[in-house]
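Okay, so the sequence shown: first residue is 225 according to the working numbering, each after it adds one. First up is the structure itself, then whatever we jot down about it.
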Amino acid sequence: AGVVVRDLPGELPGPLAIIQVADTLKALQRLAGYNRERSGVRLVGVTGSTGKTSTKDLTAAVLSTRYNVLATRENLNNEIGLSLTLLALEAHHEVAVCELAMRAAGEIDALARIARPDAGVITNIGETHLELLGTVANIARVKGELLDHIPRSGFAVLHTDSPYMREQARRCRGRVVFFGEGAEADIRLVHYRPEGNGCRFTAYISGKEVNFFLPFPGRHNAVNALAAIAVGLEMGLGLEEIAKGLAAARLSPMRLNIVECGSLTIINDVYNASPASVRAALAVLKEVGHNRSRVAVLGNMLELGPRTVPGHREVGKACAAAGLRLLVTVGDLAREIARGARAAGIAAAVYECADNREASTLLTRLLEGDEVILIKGSRGVRMEEIVAALKSMAVSGGPRS
Numbered sequence: 225a226g227v228v229v230r231d232l233p234g235e236l237p238g239p240l241a242i243i244q245v246a247d248t249l250k251a252l253q254r255l256a257g258y259n260r261e262r263s264g265v266r267l268v269g270v271t272g273s274t275g276k277t278s279t280k281d282l283t284a285a286v287l288s289t290r291y292n293v294l295a296t297r298e299n300l301n302n303e304i305g306l307s308l309t310l311l312a313l314e315a316h317h318e319v320a321v322c323e324l325a326m327r328a329a330g331e332i333d334a335l336a337r338i339a340r341p342d343a344g345v346i347t348n349i350g351e352t353h354l355e356l357l358g359t360v361a362n363i364a365r366v367k368g369e370l371l372d373h374i375p376r377s378g379f380a381v382l383h384t385d386s387p388y389m390r391e392q393a394r395r396c397r398g399r400v401v402f403f404g405e406g407a408e409a410d411i412r413l414v415h416y417r418p419e420g421n422g423c424r425f426t427a428y429i430s431g432k433e434v435n436f437f438l439p440f441p442g443r444h445n446a447v448n449a450l451a452a453i454a455v456g457l458e459m460g461l462g463l464e465e466i467a468k469g470l471a472a473a474r475l476s477p478m479r480l481n482i483v484e485c486g487s488l489t490i491i492n493d494v495y496n497a498s499p500a501s502v503r504a505a506l507a508v509l510k511e512v513g514h515n516r517s518r519v520a521v522l523g524n525m526l527e528l529g530p531r532t533v534p535g536h537r538e539v540g541k542a543c544a545a546a547g548l549r550l551l552v553t554v555g556d557l558a559r560e561i562a563r564g565a566r567a568a569g570i571a572a573a574v575y576e577c578a579d580n581r582e583a584s585t586l587l588t589r590l591l592e593g594d595e596v597i598l599i600k601g602s603r604g605v606r607m608e609e610i611v612a613a614l615k616s617m618a619v620s621g622g623p624r625s
């Protein structure tokens, strides 16, 4: 047994071994780096503007068909979370799949110095963190810090449809594999079809088309799966093993989790939000609720900087094309979603709420009980409170008239 304390509480009982350090974070990181080096595992680092956690989940599922895999739990992806993941490495582990996040320049570099990746995945480059980094080009450059740490014997898997990716690829000393929907992709999505609460897709790989199934929906998830396929192939897996892994994959909580509450279907995608990820979630809402009444409950998208107003209004325009019966926005910034939707001629009823409590109260009054509801917003908005309220409503007997 052991314990970590910041301040010694005076007298300590009994004989104890005490390791005293000047900086607990640096000590944690050094221990993590030591354990990673001692383990000898092959390590895949995953970063990107959106889709990091889902791509990490998919990659771990694929590699688990052959290897003993340790993956980042949920999104423990910062300087503390990564260190805790690496400290969990044990003798039986053969591969680690670690998610790397950032908020400023130099942070991916610092994480990669601890993790020492053998391979790297950049899921995409988008507008997340514009407030902090200023331009998409800067975001690409900072995400590309991961590539500086890939050895010549390693490889990188990069999203070909993202801006600046070809430019960033030159930073990688190892092999580079591109995935996406563009004709120049090495692994390319050529067909996508929803199937229930999952999907089937076809990928073009090494001159032939190969079919796969995912147990959750979303064209963007099929694209994320291409990255996992690329990692699997580079690490020696066959296509049958990869297909088996994808079919068994599960996403982390609050990422497009479909929850059935009686006749009400909730798409719980509340972990985070950006314009691109909200548009992708609206497409999923359209798939899952293609013959049902559809409702979108959308909250603030944070850290967009100069793209805050136009980004929210573009999402509003997408809402107008999503065939909604009801649009509810939550928060001050999200009012721009409502404005964008109205400007685009949305046919649905639109309501603007100040907070989660107001939105929950409104929904319990307006819902008929058989809708498909997408709930999504940035982490700071904590829209899981609305999910909990709707679950409670379903348990207590449905919407109030």
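Note that beta-carbon positions come from the ideal geometry of N, C-alpha and C, so glycine has one too. All figures in this text were calculated on a predicted structure; none of them were measured in a lab.
{"Asked": "Residue nearest to P534 in terms of C-alpha spacing, selected from I561, V508, A546", "Found": "I561"}
{"Asked": "Close Cβ partners of S625 (< 7 Å) along its chain, the five nearest in sequence each way excluded", "Found": "Since pLDDT at S625 reaches only 48, below the 50 mark, its modelled position is unreliable, and the value read off the structure follows with that caveat. There are no such residues."}
{"Asked": "Burial state of K250 (16 or more Cβ within 10 Å)", "Found": "exposed"}
{"Asked": "Cβ-based burial, G486 [other Cβ within 10 Å; buried from 16]", "Found": "exposed"}
{"Asked": "N421 (DSSP reduced to helix, strand or coil)", "Found": "coil"}
{"Asked": "Beta-carbon gap between N351 and K276 smaller than 8 Å", "Found": "It should be noted that the sequence gives Glu, not Asn, for residue 351. Against a cut-off of 8 Å, the Cβ pair of K276 and E351 comes out as no contact."}
{"Asked": "Sub-8 Å separation of S307 and A256 beta-carbons", "Found": "yes"}
{"Asked": "From I490, I599, G604, A613, residue whose alpha carbon lies closest to that of T626", "Found": "The chain is shown from 225 up to 625; residue 626 falls before or after that span and cannot be answered."}
{"Asked": "N- and C-terminal bounds of the beta strand (DSSP E) containing C577", "Found": "573 to 577"}
{"Asked": "Completely contained alpha helix (DSSP H) runs for the stretch 370 to 424, where each covers 4 or more residues", "Found": "389 to 393"}
{"Asked": "Residue burial classification, Y416 (beta-carbon count within 10 angstroms, cutoff 16)", "Found": "buried"}
{"Asked": "R340 and L294 closer than 8 Å at C-beta", "Found": "no"}
{"Asked": "Reduced DSSP secondary structure (H/G/I, E/B, other) of R474", "Found": "coil"}
{"Asked": "Cut-off 6 Å between Cβ atoms - residues of its own chain near L310, not counting five sequence neighbours on either side", "Found": "A256, N259, R260"}
{"Asked": "Assigned exposure category for A472 - 16 Cβ within 10 Å defines buried", "Found": "exposed"}
{"Asked": "Straight-line Cα distance separating V554 from G523", "Found": "4 Å"}
{"Asked": "Cβ contact (3+ pairs, closer than 8 Å) linking the stretch 373 to 383 and the stretch 400 to 419", "Found": "yes"}
{"Asked": "Nearest-angstrom Cα separation, counted from H317 out to N445", "Found": "27 Å"}
{"Asked": "For L294, the three-state DSSP class (helix, strand or coil)", "Found": "strand"}
{"Asked": "Closest residue to I610 among L587, L371, A504, G358 (Cα-Cα distance)", "Found": "L587"}
{"Asked": "Residue closest to A393, alpha-carbon to alpha-carbon, out of D372, G358, I466, E595", "Found": "D372"}
{"Asked": "Rounded straight-line distance, which links the Cα of G593 to that of L357", "Found": "43 Å"}
{"Asked": "V539 in three-state terms, based on DSSP", "Found": "helix"}
{"Asked": "Length-filtered (4 minimum) alpha helix (DSSP H) runs lying within the stretch 258 to 346", "Found": "276 to 287, 303 to 311, 331 to 339"}
{"Asked": "The stretch 437 to 444 contacting the stretch 505 to 512, beta-carbon criterion three pairs below 8 Å", "Found": "yes"}
{"Asked": "Boundaries (first-last residue) of the beta strand (DSSP E) holding A567", "Found": "Element bounds for A567: not the beta strand (DSSP E) but the alpha helix (DSSP H), 559 to 567."}
{"Asked": "Cβ pair count under 8 Å reaching 3, the stretch 556 to 570 against the stretch 537 to 548", "Found": "yes"}
{"Asked": "Length-filtered (3 minimum) beta strand (DSSP E) runs lying within the stretch 443 to 488", "Found": "481 to 485"}
{"Asked": "For N435, the residue or residues it bridges with in DSSP", "Found": "T426"}
{"Asked": "Proximity to E303 [Cα-Cα], best of A336, V319, K280, V596", "Found": "A336"}
{"Asked": "Residue-level contact to chain B via CB, R262, 8 Å cutoff", "Found": "Structure shown: chain B not included; a single protein chain is present."}
{"Asked": "Nearest neighbour of D556, chosen from D579, R479, A571, F436 [CA to CA]", "Found": "D579"}
{"Asked": "Cβ separation of L598 and V521, assumed to be a contact under 8 Å, to the nearest whole Å", "Found": "7 Å"}
{"Asked": "Enclosing alpha helix (DSSP H) for A507 [first to last residue]", "Found": "499 to 512"}
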